[in-house]
Amino acid sequence: MAALSLIVRLFRGAAKIQRKRMILTVTAIAWGTVAIILLLSFGEGLKRSLAAGRRGLGENIVIIWMGETEKAYAGLPAGRPIRLVPEDVDLVLAGVPEIASAAGEMHNWNVQLVNGRTALNKRVVGVHPAYEELRTTYPRAGGRYIDELDQKLKRRVVFLGDELAKALFGAGDPVGQTLLVADTPFTVIGVLQKKKQMGMYGGPDADRATIPLSTFEAMFGRRTLSNLVYQPTRNALAPVAKRHLMEVLGAKYRFDPADTRALQFWDTIRDAKMMNAIMIGLEAFLGGIGALTLIIGGVGVANIMFATVTHRTREIGVQMALGARRLYITGSIVLESLALTFAGGVAGIGVGVAIVQVLAAVQAHAKSEAMEILGTPTISLPIAVATVTLLGLIGMLAGYFPARRAVSIQPAEALRFE
Amino acid sequence: MFGNGTNGKNGKDKPNGAADGAIIALAGVRKVYDTGAVKVEALRKVDLAIKRNEFVAIVGPSGSGKSTLMNIIGCLDTATEGSYCLRGEEVAGMSIDRLADIRNRRIGFVFQNFNLLPQLTAYENVEMPLLFKGAPARERRERVETLLGEVGLADRMQHRPVELSGGQMQRVAIARALACEPDIILADEPTGNLDSAAGGDIIGKFEELWAKGHTLVLITHDAAIARRTRRVVRVQDGAVVSDEAVA
Ligand SMILES: Nc1ncnc2c1ncn2[C@@H]1O[C@H](COP(=O)(O)OP(=O)(O)O)[C@@H](O)[C@H]1O
Ligand SMILES: [Mg+2]
Numbered sequence: 268m269a270a271l272s273l274i275v276r277l278f279r280g281a282a283k284i285q286r287k288r289m290i291l292t293v294t295a296i297a298w299g300t301v302a303i304i305l306l307l308s309f310g311e312g313l314k315r316s317l318a319a320g321r322r323g324l325g326e327n328i329v330i331i332w333m334g335e336t337e338k339a340y341a342g343l344p345a346g347r348p349i350r351l352v353p354e355d356v357d358l359v360l361a362g363v364p365e366i367a368s369a370a371g372e373m374h375n376w377n378v379q380l381v382n383g384r385t386a387l388n389k390r391v392v393g394v395h396p397a398y399e400e401l402r403t404t405y406p407r408a409g410g411r412y413i414d415e416l417d418q419k420l421k422r423r424v425v426f427l428g429d430e431l432a433k434a435l436f437g438a439g440d441p442v443g444q445t446l447l448v449a450d451t452p453f454t455v456i457g458v459l460q461k462k463k464q465m466g467m468y469g470g471p472d473a474d475r476a477t478i479p480l481s482t483f484e485a486m487f488g489r490r491t492l493s494n495l496v497y498q499p500t501r502n503a504l505a506p507v508a509k510r511h512l513m514e515v516l517g518a519k520y521r522f523d524p525a526d527t528r529a530l531q532f533w534d535t536i537r538d539a540k541m542m543n544a545i546m547i548g549l550e551a552f553l554g555g556i557g558a559l560t561l562i563i564g565g566v567g568v569a570n571i572m573f574a575t576v577t578h579r580t581r582e583i584g585v586q587m588a589l590g591a592r593r594l595y596i597t598g599s600i601v602l603e604s605l606a607l608t609f610a611g612g613v614a615g616i617g618v619g620v621a622i623v624q625v626l627a628a629v630q631a632h633a634k635s636e637a638m639e640i641l642g643t644p645t646i647s648l649p650i651a652v653a654t655v656t657l658l659g660l661i662g663m664l665a666g667y668f669p670a671r672r673a674v675s676i677q678p679a680e681a682l683r684f685e
Numbered sequence: 472m473f474g475n476g477t478n479g480k481n482g483k484d485k486p487n488g489a490a491d492g493a494i495i496a497l498a499g500v501r502k503v504y505d506t507g508a509v510k511v512e513a514l515r516k517v518d519l520a521i522k523r524n525e526f527v528a529i530v531g532p533s534g535s536g537k538s539t540l541m542n543i544i545g546c547l548d549t550a551t552e553g554s555y556c557l558r559g560e561e562v563a564g565m566s567i568d569r570l571a572d573i574r575n576r577r578i579g580f581v582f583q584n585f586n587l588l589p590q591l592t593a594y595e596n597v598e599m600p601l602l603f604k605g606a607p608a609r610e611r612r613e614r615v616e617t618l619l620g621e622v623g624l625a626d627r628m629q630h631r632p633v634e635l636s637g638g639q640m641q642r643v644a645i646a647r648a649l650a651c652e653p654d655i656i657l658a659d660e661p662t663g664n665l666d667s668a669a670g671g672d673i674i675g676k677f678e679e680l681w682a683k684g685h686t687l688v689l690i691t692h693d694a695a696i697a698r699r700t701r702r703v704v705r706v707q708d709g710a711v712v713s714d715e716a717v718a
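Order-wise, the sequence lines are chains A and B. Going by this note's numbering, 487 is the number at position 220 of the first sequence; the sequence numbering is gapless. Going by this note's numbering, 653 is the number at position 182 of the second sequence; the sequence numbering is gapless.
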């Protein structure tokens, strides 16, 4: 402790002489810190925004489109269309143990919806109740989603996308109100909780009306599914689930399970994996740029430490003559270097956090699509830890090399230094 | 007159004719400064033995190698060749920290230019060796106050070197040299930057220390000062040319 006060006193003496350079160096470190914090928190914001957008489509799901066989199979020619029906959902659930949940959906993209004097032509989809969880189409408070009873009784109930609800009913709560769907009165049972949705097919969930699949079939006289959505029990089992599903459906519709055109798959699990890899790459890139800026600041610190060590050679010589050990000499220099680095670091973190907060506030108000995708810059704990660790590392190294030089010379030589 | 006794602690044979019982024993010491282009042989084959409680003056013309010799004795530099035993122990090959500890506890230095740290007060300068020794705060305070009192600077403890006269600065340096109670005091022209009154005062101080049992090695080119010691070693061109007791 007492030794520390000696170090501080000597450091203050040196700081007086080198004030200008020290300020410059501290500024460089601060700037590097700001850069790394901004870059990483933008990366983090983007990552979270993309993750939220993905969640808007549904997590770890696979979406099937109907296709046409490409291979002749069991005496049947190629080019046969494969059309799944609602019962296939039960078939798949029963026959593929690796599938945890599945739902069918049918789309009618141009249906008249009328509420009083407001009439709109919008997409109406019929779905199984499991669709809610699979596609994260959760109702906001005060409403509910389509359930098994609705499906069983072919009820005339409708679940509205939040934007569609606004367009039809204005600011008021539509739940419990009646809506004419293709001239048939339906009761509104729920409105979609606002969500960010990046991946989509058949338009955004916010802008569609959803009714029970059974009701849809009866109303529009349809049998074939537009899509079948399912979720494997575990992500790792996705390929097995797909193979088994192809076998089960291939047996029923008599197509080759290896026929890649019979049904078409959108595997969001694989997409997510790829996106993660891209994000990690992007974060490494942004972090690398930030780190580089910081390292340049660190070179400045090392430089100034070399200068002060040279300047104070004699002082170090005196201390060595009086019995200062190696650790004391190197420790004092490394401590000084850390002090400089962290002075810049603290300033940089302060400025960085302030900028991030201002940007977040600005973004909360300004609504632009680009900004929405970019997300809100966010400082996460790992970012803070990484920044502080990097600062510490730079401070240590920037002090270590000058310190090593300082202790490498004989005290006699140091004392002769002018 | 040559110190008071034979206390070869472990009675081991000293190499190369170093006198038995010597606290400082150099044998065949060479020092070559390699400044890249030229090599300067500052010491050539120096043999020198100093016993406990001797008071030795090293004299010789400028550039003859006196400081080089003192640096080696003080473990501030290493010999290029030859052997140096301090209290019977070979110094060559000791670790940097071991040498630091020896300088801290066994040797006190007094330099011509004082080598006080200008940022620190007299008190803090004297405290430094005690800090390096790891002495507790109480011991440090008592020791520093006693030492500065003994050199007559009790009222100057909080002064910085610039606020002191040359003689006062050198007294601070002596107090600092004594901080960890070393048995050897090495002084390289300690009066060189002082007027004769202050210089005489400092030599008086050294005589007191000698009387208390310290071993003193004093570099000087002042014949009057050399006469106040008990043994004069004359160095010329990096070699000892004479070594005699003061009458
Ligand atoms: N660090 C050094 N590098 C090169 N030459 C040196 C160094 N120190 C001393 N010398 C040379 O060694 C010789 C002896 O120097 P020194 O021991 O300082 O003599 P003195 O103290 O007797 O005046 C001189 O020629 C001096 O120039
Ligand atoms: Mg000299």
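Just so you know, even glycine gets a beta-carbon here, dropped at the ideal spot from N, CA and C. Just so we're clear, the structure is a prediction, and the values are computed from it rather than from any experiment.
Give me the chain B residues within the contact set of A:Y595, using Cβ-Cβ distance strictly less than 7 Å, ordered along the chain. Counting from one through the first sequence, the residue named residue 595 of chain A turns up at place 328. The answer, in chain order, is F603.
Q) What are the start and end residues of the beta strand (DSSP E) that includes A:R672? A) On the first sequence, residue 672 of chain A is found 405 positions in, with the first residue counted as 1. Run containing A:R672: none in the beta strand (DSSP E); it sits in the alpha helix (DSSP H), L648 to S675.
Closer than 8 Å at the beta carbon, the chain B residues around A:A588: Counting from 1 along the first sequence, the entry for residue 588 of chain A is found at position 321. Simply G545, L547, R574, F580 and N586.
CA-to-CA distance, A:M467 to A:L641, given in whole angstroms: For this step, residue 641 of chain A is matched to residue 374 along the first sequence. For this step, residue 467 of chain A is matched to residue 200 along the first sequence. Answer to the nearest angstrom: the Cα atoms are 18 Å apart.
A:K419 bridges to which residues according to DSSP?
Position 152 of the first sequence, counted from the first residue, corresponds to residue 419 of chain A. Partner(s): none; A:K419 has no beta bridge.
- Message: Tell me which residue opens and which closes the alpha helix (DSSP H) that A:S599 is part of.
- Response: Walking along the first sequence from the start, residue 599 of chain A turns up at place 332. That run of the alpha helix (DSSP H) goes R593 to H632.
Using CA coordinates, which residue listed in A:L549, A:F278, A:I661 and A:N327 is at the minimum distance from A:L504?
For the purposes of this step, residue 504 of chain A is taken as residue 237 along the first sequence, with counting starting at 1. With distances taken between Cα atoms, A:L504 lies closest to A:N327.
Practice prompt. Could you work out which residues of chain A lie near B:R590, taking near to mean beta carbons separated by less than 7 Å?
Written response: One-based indexing of the second sequence puts residue 590 of chain B at position 119. It is Gln, not Arg, that sits at residue 590 of chain B in the sequence shown. What B:Q590 touches in chain A: R276, L277 and G280.
What residue range is occupied by the uninterrupted alpha helix (DSSP H) comprising A:Q586? Within the first sequence, numbered from 1, the residue matching residue 586 of chain A stands at position 319. From DSSP, the alpha helix (DSSP H) with A:Q586 extends over T580 to A588.
Tell me, to the nearest whole angstrom, how far the beta carbon of B:K522 is from that of B:G531; I am working on the premise that it is less than 8 Å. Counting from one through the second sequence, the residue named residue 522 of chain B turns up at place 51. Counting from one through the second sequence, the residue named residue 531 of chain B turns up at place 60. With a Cβ gap of about 21 Å, B:K522 and B:G531 do not count as contacting.
* Assigned secondary structure, A:L447 (DSSP; H/G/I helix, E/B strand, else coil) -> Locating residue 447 of chain A in the first sequence gives position 180, where the first residue counts as 1. Looking at A:L447 - three-state DSSP - the assignment turns out to be strand.
Could you spell out where the beta strand (DSSP E) holding B:I573 opens and where it closes?
-> Sequence index remark: in the second sequence, residue 573 of chain B carries index 102 (1-based). Unbroken run through B:I573 is the alpha helix (DSSP H), I567 to R576; no beta strand (DSSP E).
Chain B contacts made by the stretch 638-660 of chain A, where a contact means CB separation under 9 Å:
none
Would you grab the beta carbon distance between B:Q641 and B:V581 for me? Rounded to a whole angstrom, and I think it's under 8 Å.
The residue you call residue 641 of chain B lines up with position 170 of the second sequence. The residue you call residue 581 of chain B lines up with position 110 of the second sequence. Their Cβ separation, rounded to whole angstroms, is 7 Å, which keeps B:Q641 and B:V581 in contact under 8 Å.
Determine the DSSP secondary structure at A:H511, reduced to helix, strand or coil. Within the first sequence, the letter at position 244 stands for residue 511 of chain A. Note: A:H511 maps to helix in three-state DSSP.
Taking the alpha-carbon positions, what's the B:R631 to B:S535 distance? As a position in the second sequence, residue 631 of chain B is number 160, starting the count at 1. As a position in the second sequence, residue 535 of chain B is number 64, starting the count at 1. Distance between the alpha carbons of B:R631 and B:S535: 34 Å.
If we cut at 9 Å on Cβ distances, does A:P669 have a partner in chain B? The sequence position of residue 669 of chain A within the first sequence is 402, counting from 1. It does not: the Cβ of A:P669 has no partner Cβ on chain B nearer than 9 Å.
Of the residues A:F609, A:L605 and A:A670, which one's Cα is nearest the Cα of A:R592?
As a first step, residue 592 of chain A must be located in the first sequence, where it is residue number 325. Per the Cα distances, A:A670.
Practice task
Mind checking who B:D659 pairs with in its DSSP beta bridge?
Solution key: Residue 659 of chain B sits at position 188 when you count from the first residue of the second sequence. Residue pairing by DSSP puts B:D659 in a beta bridge opposite B:F582 and B:I690.
Listed by chain order, chain B residues near A:V585 by CB distance under 7 Å: Here residue 585 of chain A is taken as the residue at index 318 of the first sequence, counted from 1. Residues of chain B passing the Cβ test: N586 and L588.
request  = Keeping to the same chain, check which residues put their C-beta closer than 8 Å to that of A:P452; ignore five residues upstream and five downstream.
outcome  = Along the first sequence, one-based indexing puts residue 452 of chain A at 185. Within the same chain, R423, T445 and L446 come within 8 Å of A:P452 by CB-CB distance, once the 5 residues on both sides are set aside.
Q | Bridge partners - A:Q379, DSSP secondary structure assignment | A | Here the question's residue 379 of chain A lines up with position 112 in the first sequence. Its beta-bridge partners are A:N388.
Taking 9 Å as the CB-CB limit, is B:S616 close to chain A? Taking the second sequence and counting its residues from 1, one reaches residue 616 of chain B at position 145. In the sequence under discussion, the amino acid at residue 616 of chain B is Glu, which differs from the Ser named in the question. Taking Cβ atoms only, chain A never reaches closer than 9 Å to B:E616, which makes this a no.
**Message:** Counting only C-beta atoms, is A:A302 closer than 9 Å to chain B at any point?
**Reply:** Your numbering for residue 302 of chain A matches position 35 in the first sequence. Residue-level contact check: A:A302 does not touch chain B, since none of the beta carbons of chain B fall below 9 Å from its beta carbon.
* State the DSSP-derived secondary structure class of B:Q590, mapped to helix, strand or coil. => As a working mapping, residue 590 of chain B is identified with position 119 in the second sequence. Looking at B:Q590 - three-state DSSP - the assignment turns out to be coil, as it is neither helix nor strand.
- request: Could you tell me whether the Cβ of A:V618 comes closer than 9 Å to any Cβ of chain B?
  value: Against the first sequence, residue 618 of chain A aligns to sequence position 351. Taking 9 Å as the threshold, the shortest C-beta distance from A:V618 to chain B does not fall below it.
Requested in this report: Kindly confirm or deny that the stretch 581-589 of chain A and the stretch 314-329 of chain A touch, where touching means at least three C-beta pairs closer than 8 Å.
Outcome: Short answer: they don't touch.
* Asked: Quick one: is the Cβ of B:Y555 within less than 8 Å of any heavy atom of ligand 1?
  -> Taking the second sequence and counting its residues from 1, the one referred to as residue 555 of chain B is at position 84. No; taking the cut-off as 8 Å, the Cβ of B:Y555 has no heavy atom of ligand 1 nearer than that.
**Prompt:** How many whole angstroms separate the CB atoms of A:A569 and A:A665, which I take to be in contact at a CB cut-off of 8 Å?
**Reply:** On the first sequence, position 302 is the one that residue 569 of chain A refers to. On the first sequence, position 398 is the one that residue 665 of chain A refers to. The pair is a contact, with the Cβ atoms about 4 Å apart (cut-off 8 Å).
Chain-ordered neighbours of B:M599 on chain A, where CB pairs are closer than 9 Å = Within the second sequence, numbered from 1, the residue matching residue 599 of chain B stands at position 128. In chain order: L273, V585, Q586, L589, G590 and A591.
* To do: Please name the residues in the stretch 649-662 of chain B whose beta-carbon is closer than 9 Å to at least one beta-carbon of chain A, in chain order.
  => A650 and C651
| message | Could you compute how far the alpha carbon of A:T645 sits from the alpha carbon of A:G428? | response | Taking the first sequence and counting its residues from 1, one reaches residue 645 of chain A at position 378. Taking the first sequence and counting its residues from 1, one reaches residue 428 of chain A at position 161. Each residue's alpha carbon lies about 29 Å from the other.
Continuous alpha helix (DSSP H) assignments of at least 4 residues falling wholly in the stretch 500-578 of chain A = 505-520 and 535-578
A:R581 at chain B interface by Cβ criterion, 9 Å: As a first step, residue 581 of chain A is located in the first sequence; it is residue number 314 there, counting from the start. A:R581 counts as touching chain B.
Any heavy atom of ligand 2 inside 8 Å of the beta-carbon of B:D659? The sequence position of residue 659 of chain B within the second sequence is 188, counting from 1. Correct: B:D659 has its Cβ closer than 8 Å to ligand 2.
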